[in-house]
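Notes follow once the structure below has been shown.
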Amino acid sequence: MADNIARVFADAIATDPTRPLLTWYDDASGDRTELSGATLANWVSKTANLLVDEVGLGPGDPAGALLPPHWQTAAVLLGCWSAKLNVLDKPGDVDVLFAAADRADEAQSWPTGDRYALGLLPLAAPLRQTPAGFVDYVVEVRRHGDHFTPQPGPGPADERLLAHAQTRAAELGITRGARILVNATAYPDPVDWLLAPLTQAASVVLCANLDPTRLPTRLTTEQVTHPLP
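Sequence positions in the sequence shown follow the working numbering and run 47 to 275.
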């Protein structure tokens, strides 16, 4: 196992970057978004370049994430980890904050300079109205390059997170190369729905507002080998 998250992500998509890696469903909105490893890698690189080139951050700098399970959350977190930032999930003094637009009010407890709002809308559409004090993540991130070369070695929390992810993969029964379905409500921790699968090069069908009546068909159409409903 590699000693850093960026390497684990790269290894997970290396064999076939074109295969679906993360498929997102929201049964409330009807949204379905499928990302190959290559497509997610582009978003991750753009995010890392935004952090390094625009915000001016470097290894060890703190970042905050007020985000639910979502494919854009995966891009943000992997981008932060690729830039070797220390990602906090509890209020604290951070250099950059990524927040879901409907949680912008919570940002007051996160002292920071740069704030990016995510609408988490279908087709990565921009926000109709950006919360005061924020800029729109999907608008800003698209201006940045598709390639990013992470510095070698682990970020400040990589070894701890990867060890936890491997433990959770074993506990959840995620095997190498599996295709898993994850109920986002039941498993909101990104270690469970993102990092644990990556340590096993598994692909994920991540479902928000999961409609139980759609589950049998989805398991078949998405060729799920291991459901976590």
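Glycine included, C-beta positions come from ideal geometry on N, C-alpha and C.
Remember, predicted model here, so these are calculated numbers, not experimental data.
Residue 155 counts as exposed, since fewer than 16 other C-beta atoms from the protein chains shown sit within 10 angstroms of its C-beta. When the five nearest sequence neighbours on each side are left out, the beta carbons in the same chain lying within less than 7 Å of the beta carbon of residue 52 are those of 127, 128 and 196, in order along the chain. Contact check for residue 214 against residue 237 passes: the beta carbons are separated by less than 9 Å.
With at least 16 other beta carbons inside 10 angstroms of its own, residue 143 counts as buried. Here residue 179 carries a coil assignment [DSSP, helix/strand/coil]. Cβ atoms of residue 163 and residue 150 come within 8 Å of each other, at about 6 Å. Check the Cα spacing between residue 49 and each of 96, 63, 107 and 205: the tightest is with 205. Between residue 72 and residue 255, the CB-CB gap stays under 9 Å. Excluding sequence positions up to five before and after residue 182, its CB lies within less than 7 Å of the CB of 163, 172, 173 and 176, all in the same chain and listed in chain order. Under the rule that a run must span 4 or more residues, the alpha helix (DSSP H) segments found entirely inside the region 208-275 read 242-245 and 261-267.
Of all alpha-carbon atoms in 138, 87, 137 and 98, the one lying nearest the alpha-carbon of residue 118 is that of 87. Note on the region 145-203: whole beta strand (DSSP E) runs with a minimum of 3 residues are 160-164, in chain order.
DSSP, read as helix, strand or coil, puts residue 77 in strand. Cβ contact annotation for residue 64 (same chain, cutoff 7 Å, sequence separation greater than five): 82 and 84, in chain order. Using a Cβ distance threshold of 9 Å, residue 110 and residue 148 do not count as a contacting pair. Of the other Cβ atoms in all chains shown, fewer than 16 fall within 10 Å of the Cβ of residue 193; this residue is therefore exposed. Judged by DSSP in its simplified three-state form, residue 132 adopts strand.
Judged by their CB atoms, residue 274 and residue 209 are not nearer to each other than the 9 Å cut-off. Contact annotation: residue 92 and residue 56 have beta-carbon atoms that are not nearer than 9 Å.
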